[in-house]
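Everything on this sheet refers to the single structure shown next.
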């Protein structure tokens, strides 16, 4: 994560977070996540676990997708507020980290806010509205 964070610094970025969790380039629920956070020219390295977001660990298999059709159905259910817990929380932890980059520092609060939005079904309504606009 450090080489990418250092590159972002050289490119002039002021805020960024480079994450790597359990072999994936995202915040993970199945392992710890390594973070290099760039803030105003300084890079800080740390680790996060699902507990930092108020969640527990999930096995990697709980997050696995499938065929394109199966993935479409998983995403549709998730956006409609009917997703599986592991999928909901995977999206919530990554949104929480993104919100942190934009100045909302409380990861637990961010994750809960994201989870509430996911479970409300509002995300699906927005996607449908965007698709209708062409």
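Residue numbers (UniProt numbering): 1 to 134. Even glycine gets a Cβ: it sits at the ideal position worked out from N, Cα and C. Computed from a prediction, not measured in an experiment: that's the story for all the values here.
Boundaries of the alpha helix (DSSP H) around residue 89: 85-101.
Contact check for residue 27 against residue 48 passes: the beta carbons are separated by less than 8 Å. By the Cβ criterion, the stretch 117-130 is in contact with the stretch 74-90, since at least three pairs of Cβ atoms, one from each stretch, lie closer than 8 Å. Looking at the backbone, the Cα of residue 29 and that of residue 102 are separated by about 22 Å. Contact annotation: residue 33 and residue 21 have beta-carbon atoms nearer than 8 Å.
Residue environment: residue 97 is assigned as buried (16 or more neighbouring CB atoms within 10 Å of its CB, all protein chains considered). Annotation for residue 43: 5, 36 place their beta carbon closer than 6 Å to its own, counting only its chain and skipping 5 residues before and after. Ranking 25, 12, 89 by CA distance to the CA of residue 116 puts 89 first.
Within its own chain, the residues whose Cβ lies closer than 7 Å to the Cβ of residue 120, once the five positions on either side in sequence are excluded, are 81, listed in chain order. Our two residues, residue 100 and residue 110, have alpha carbons roughly 8 Å apart in a direct line. The alpha carbon of residue 59 has as its nearest neighbour, out of 14, 86, 92, the alpha carbon of 86.
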